[in-house]
Amino acid sequence: MKKSLLGACLISFSVAAFAQDGIEIHYNGAGPDISGGTHEVNLYASSPDVTPIDANTVLYEAHFDVTNNTGSDQQWRVTRWAMVMPSTWPADQLCWPPLCYNATGDFYITPSSQGNPAPIIVNGSDQTTNSELAEIKPRITIDVNNASYAHFRYYLTDAIGGNYVDSVDLTINFTLSVNSPKLTPALSLSPNPSNDQLNLTISNTSGTVKIVDVLGNVIYMNQVSEGSNPINTSNFRNGVYFVTVEGIEGKSLTRKLIVKH
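Given below as structure tokens:
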């Protein structure tokens, strides 16, 4: 699925996440493919996932490994959209081979110049042609004096045509006390690929599930509760779908579904 990057027209289609067959994104290089989906994290000042900078700030790094299975080498840049960012948080950084960059403004795109070209990701791997790991690594500095919520989206962007080809979201819940962190909602799909039956399992939330095809058409919508929710997919056409659960707290979870009969 591709959308043209047209400079000032970013806002016109910025509400949608993107996923494409042949691209996989894994947090820390393991676990499920979360391309087109969201990685959610709960943090606090003494969390083992953060590094203290000074008395007022800590640093959180996320690691999203990108695997290219498109059938050919691909040259990609990364566009960072700060959808929600607390005003007290310092500017973030975005690392994408071979360097880390200061991500300024609501939208920031990594360079592609003669002196600093965008990396080429080798087909069938998560490595660049310079033998570097193809890793989207946000570096987020957090103000520890205020409970906050942040939401970032990272688009893989074709370096030549400027098209969005895939994305991953990062949401951060920062709490002031280790004793009362919010439980992180979770969503899983099984089996995936699915044939005639899909089991949608959610935890720590309930709400509305919506399944859309790659053209944005709503194929299925219903209420779901915590636990396993069976969905009949026998009438779904073969292809890629996106399953989104809108939780009762207003937060959404999205996963990619493949249907094969």
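Quick note: the sequence shown, position 97, residue 887 per our numbering, numbers continuous. Using N, Cα and C, we set each Cβ at its ideal position, and we do this for glycine too. For clarity, every value in this text was computed on a predicted model and none was experimentally measured.
- Judged by their CB atoms, V874 and H941 are nearer to each other than the 9 Å cut-off.
- For L1005, no beta strand (DSSP E) segment is defined, and its DSSP state is neither H nor E.
- For A937 against L966, the beta-carbon gap comes to about 5 Å, under 8 Å, which counts as contact.
- In this model, C890 and L923 are separated by some 13 Å (Cα to Cα).
- Judged by pairs of C-beta atoms under 8 Å, the stretch 821 to 837 does not touch the stretch 878 to 890, as fewer than three such pairs exist.
- Going by beta carbons, A852 and V831 fall inside the 9 Å limit.
- In this structure, I910 sits away from V856, with a CB-CB distance that is not shorter than 9 Å.
- Short of 6 Å from the beta carbon of P901, and not among the five residues preceding or following it, lies no beta carbon of its own chain.
- In the three-state scheme derived from DSSP, where H, G and I count as helix and E and B as strand, R1027 is classed as coil.
- Counting the other Cβ atoms within 10 Å of the Cβ of G827 gives 16 or more, which makes it buried.
- The Cβ neighbour count for A881, taken over all protein chains shown within 10 Å, is under 16; the residue is labelled exposed.
- In the structure shown, the three-state DSSP call for V934 is coil.
- When the beta-carbon positions are compared, V1002 and E1036 stay at least 9 Å from each other.
- By the beta-carbon neighbour count (other beta carbons within 10 angstroms, threshold 16), A872 is buried.
- In summary, S1042 is buried, with 16 or more beta-carbon neighbours lying within 10 Å of its beta-carbon over all protein chains present.
- Residue environment analysis places S957 among the buried positions, since at least 16 neighbouring C-beta atoms fall within 10 angstroms of its C-beta.
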